[in-house]
Amino acid sequence: MTAGPLELPPPPEGSLPKNRKVTSACTACKIAKAKCSGQQPCTYCVRREYECVFSPENDQRRRIPLKRRLDDLEEAQDLFVRLLRTLRHRNPHVDGLLDYIRDKDPTFPEIKDFMDIHLPQRELEKTPELLHIYQEVKRPRGPTTKSSDRALDIARLCDIPPFTGPARPWTTVTDDDTFVSHLISLYFTWQHLFCNWIDRDLFLKDLNSGNVNATFCSPLLVNAILADACCHSDYPEACAVPGDITTKGIHFAAEAKRLLDAEEGEVTLATAQGIAILYTYQSVTGKDRLGWTYMIRACKAVSMLRSSSLNRGDAADDVMSRSLDHLQVGLFGTTSVTAIAFQKAPAWDLPRGLQLPVHQADDGEWFPYPRQVEPVPAAHRNCVLNQRARIGEISGDLCKGLFSHDNRIPRPEIEDVVTRCYARLLQWKDELPVCLHYTDHSVPQVLSLHLHYHCVVMSALAFLRTPMPDADQATLDSISSARQKCISSAQAVSDLVFIHGSQWGIDRMSVSDMQFISVAMFTLVDDLGNEKSHNAFLNLANALMSVSKRWVLTKGMFRMVQVTTMQANESLSPEVTQVFKRFERWLWRAEDWQSFSSAYPHFAVAIRQQDKDVPEEIDLDQLLKDWNELTISGEAASEESSESKGKSST
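For the sequence shown, our numbering begins at 277 and goes up steadily by one.
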């Protein structure tokens with residue numbers, strides 16, 4: 277009997293191999309549009325002896341868990357960022373919540389449960405910070421709108437603007453409310469301290485109303501503020517061309533100029549304020565010739581508004597009248613700094629008797645945003661404005677006495693003008709209100725007020741320290757005394773800047789402070805052999821270079837001081853040399869002089885314009901062009917170095 281074929285039992289149900297779904301084809305099959313077996317090597321490639329290559333990124337099975345993981349990370353990041361943004365202000369209830377988070381390591385839902393139990397709604401309503409946390413934690417996650425590089429920037433994550441406002445309808449440059457709030461906060465934290473010609477509360481109220489026809493806010497004013505604030509910002513959006521600080525704020529400034537042209541000469545309070553801010557913006561960006569024209573326009577606009585207000589005689593306009601007072605006093609104090617810096621007669625005079633109410637009981641708090649530190653009591657705003665205006669009147673009379681003439685002024689007349697102004701400066705210092713005396717913890721505007729005083733002292737007495745041929749002993753003694761007083765003031769400037777840096781950081785100061793620092797450095801250039809002067813110069817150089825990373829004008833100022841110092845000293849200390857080398861390596865490029873249209877004068881040469889045989893070329897832009905080849909390593913042409921050396925001696 278022949279055995280038949282072996283019959284195998286049928287496989288149990290469900291054990292038959294299923295066709296595996298191919299989720300990704302190899303590269304060759306994709307190109308040939310052939311059906312891929314999904315194995316490596318696949319059948320198609322084996323038959324044709326092709327190299328079989330699979331791309332893992334194209335496997336749809338891999339994409340699903342990756343997308344799920346990405347969604348989870350985005351959700352966690354979104355919740356973290358929203359919570360982090362609310363935790364700046366110290367509060368007993370906030371501290372309790374932080375203790376819970378620190379001790380229990382809760383999840384976000386657990387944080388919400390904790391707040392439900394321990395913080396009833398009525399307590400939340402009394403504590404805005406906690407209410408905001410509660411609302412953020414329970415809010416469902418929406419799509420993320422921040423780019424990955426922005427979200428990973430920890431400084432930006434921790435940025436909590438103290439003042440907020442919408443981008444629209446005020447500007448077409450951006451629709452990012454957070455960025456606009458950041459810039460608004462920078463302006464009112466820093467520039468507003470020194471150019472205090474806007475009522476902040478009235479402005480913010482109208483800004484958040486969204487009414488473009490409001491009295492105390494306008495698109496022109498908002499864009500001018502945003503342009504100016506960009507100079508204080510490290511956000512990439514602050515530059516119209518990313519990474520190029522010469523383009524900081526120019527997109528907002530262009531919008532402001534367009535709006536100004538559209539007004540066709542109509543003048544409102546917001547228009548005058550906007551023009552005044554364009555003046556400071558153009559100055560800090562190295563375009564002070566254009567800035568000067570804005571300053572003249574702003575002064576004329578204020579005069580027109582004042583005349584219009586007086587003609588109406590409407591008692592209901594008290595708020596407008598007070599706003600005009602602030603604008604006029606604040607603008608005068610700022611323009612007086614410009615006048616003495618550029619050695620011109622002042623653009624206008626402060627109306628006799630105009631003074632703001634002083635010694636307010638409470639001017640609120642201040643902290644150096646964007647640094648997140650405990651707020652401190654703010655200085656008396658009106659007291660600062662009044663005293664800055666008083667210094668402005670003294671420096672204005674100095675400028676009238678020295679710079680209102682076409683011809684050189686005789687030495688005796690210079691001495692008379694300077695001596696009278698110096699006596700008034702000493703009187704100003706003696707009569708300064710106690711609330712404006714400075715300490716090691718003073719806020720920036722108080723420190724700046726004292727910097728202003730010392731700058732005017734140096735600017736005035738510098739005209740008496742110039743050597744004279746055939747001078748008698750009394751004149752030589754006078755020159756020596758003036759020189760020593762200038763050096764003492766320059767050293768005092770260094771002390772004040774050190775306090776500012778220790779308390780508030782050195783990377784943000786006012787543009788006026790940069791003028792005061794540069795005058796002090798010029799004053800110390802020929803006294804670097806003195807240890808105290810050397811250390812003061814080094815401190816000021818580091819401060820000026822720190823701000824030069826952010827502002828175009830200060831780069832030019834630093835370059836001018838650098839070259840002057842190199843030419844005036846046969847050798848420099850290793851410390852000063854190192855600072856200059858860092859500046860050339862990291863901040864100054866050979867083509868940077870092309871960014872300037874600046875009449876900012878060479879201080880050491882400008883004070884000798886009354887002398888014979890002194891070069892007339894003192895403007896910053898021209899000097900930077902002439903000095904383009906000079907470097908600390910001595911790569912300048914010897915002829916150019918010799919030709920320029922006479923310009924720097926004082």
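Quick reminder that beta carbons are idealized off the backbone N, C-alpha and C, glycines included.
Run of the alpha helix (DSSP H) containing G550, from where it starts to where it stops:
L545 to V560
Kindly indicate which three-state DSSP category T420 falls into: helix, strand or coil?
Here the model assigns T420 a pLDDT of 37, short of 50, so the residue's position is not dependable, and the following value carries that caveat. In the structure shown, T420 sits in coil (DSSP, three-state: anything other than H, G, I, E or B).
By a C-beta neighbour count over all protein chains shown, 10 Å radius and 16 as the cutoff for buried, is D889 buried or exposed?
Caution is warranted here: a pLDDT of 45 is assigned to D889, below 50, making its placement in the model unreliable, and no coordinate value can be reported.
Proximity winner among D746, Q760 and L483, relative to A738 (alpha-carbon distances):
Restricting attention to D746, Q760 and L483, the CA atom closest to the CA of A738 is found in Q760.
Inter-residue Cα distance where the pair is V660 and T742
33 Å
Tell me the rounded alpha-carbon separation between Y570 and F390.
If I take the Cα positions, the gap works out to 56 Å.
How far does the alpha helix (DSSP H) with I501 in it extend, from its first residue to its last?
P495 to C506
Residue environment, T447, which counts as buried when at least 16 other CB atoms sit within 10 Å
buried
Pairwise C-alpha distance: S822 and V634:
35 Å
Using the three-state DSSP reduction, which class does V773 fall into: helix, strand or coil?
Here V773 sits in helix by DSSP.
Where does P512 fall in DSSP's three states?
helix
Rounded straight-line distance, which links the Cα of E689 to that of A699
In a straight line, the C-alpha of A699 is about 16 Å away from that of E689.
I'd like to confirm the pairing. Which residues does DSSP put opposite K524 in its beta bridges?
C515
Length of the line joining the Cα atoms of A516 and Y555:
Here the C-alpha atom of A516 lies approximately 19 Å from the C-alpha atom of Y555.
Contact check, L800 vs F813 under 8 Å by CB: the rounded distance?
4 Å
Do A766 and A796 have their C-beta atoms closer together than 8 Å?
yes
Helix or strand or just coil, what does DSSP make of P218?
Any property of residue 218 remains undetermined from this structure, which presents the chain solely from 277 to 926.
Using the rule of at least 16 other Cβ atoms within 10 Å of the residue's Cβ for burial, across every protein chain shown, is I553 buried or exposed?
buried
So, does the region 488 to 508 touch the region 625 to 632, judging by three or more C-beta pairs under 8 Å?
no
Residue closest to R476, alpha-carbon to alpha-carbon, out of S778, I501, G525 and T303
I501
Can you check the region 562 to 632 for any alpha helix (DSSP H) of at least 4 residues that lies completely inside it and give the ranges in chain order?
Restricting attention to alpha helix (DSSP H) runs no shorter than 4 residues, the region 562 to 632 encloses them at 564 to 588 and 594 to 618, ordered along the chain.
K831 burial status per 10 Å Cβ neighbour count (16 or more: buried):
buried
W473 in three-state terms, based on DSSP:
Here DSSP, grouped into helix, strand and coil, assigns W473 to coil.
Name the DSSP bridge partner or partners of E641?
P653
Span of the alpha helix (DSSP H), counted from its first residue to its last, around A304
T303 to A308
Under 7 Å Cβ to Cβ from G606, same chain only, skipping five residues before and after it: list those, please.
C471, N472, W473 and L661
Burial state of D425, where buried means 16 or more other Cβ atoms lie within 10 Å
With a pLDDT of 45 at D425, under the threshold of 50, the modelled position of that residue is not reliable, and no figure is offered here.
Classify E531 as buried or exposed, calling it buried when 16 or more other Cβ atoms lie within 10 Å of its own Cβ.
Buried, by the Cβ-count rule.
What are the boundary residues of the alpha helix (DSSP H) that H717 is part of?
Segment: none, H717 is in no alpha helix (DSSP H) and carries neither H nor E.
Using DSSP with H/G/I as helix, E/B as strand and the rest coil, what is C318?
coil
Of the residues V613, S764, E513 and H726, the one placed nearest N806, counting alpha carbons only
S764
Going by DSSP in three states, M797 sits in which element: helix, strand or coil?
helix
Please classify R364: does DSSP put it in a helix, a strand, or coil?
Model confidence at R364 stands at a pLDDT of 46, short of 50, so the residue's coordinates are unreliable; what they give is reported in the following sentence. Coil.
Are the beta-carbon atoms belonging to V820 and S794 less than 8 Å from one another?
Correcting the residue identity first, residue 820 is Leu in this sequence and not Val. It is a contact, given that the beta carbons lie within the stated cut-off.
Buried or exposed for T715, please, with buried defined as at least 16 other CB atoms from any protein chain shown within 10 angstroms of its CB.
exposed
Taking the alpha-carbon positions, what's the N658 to L346 distance?
53 Å
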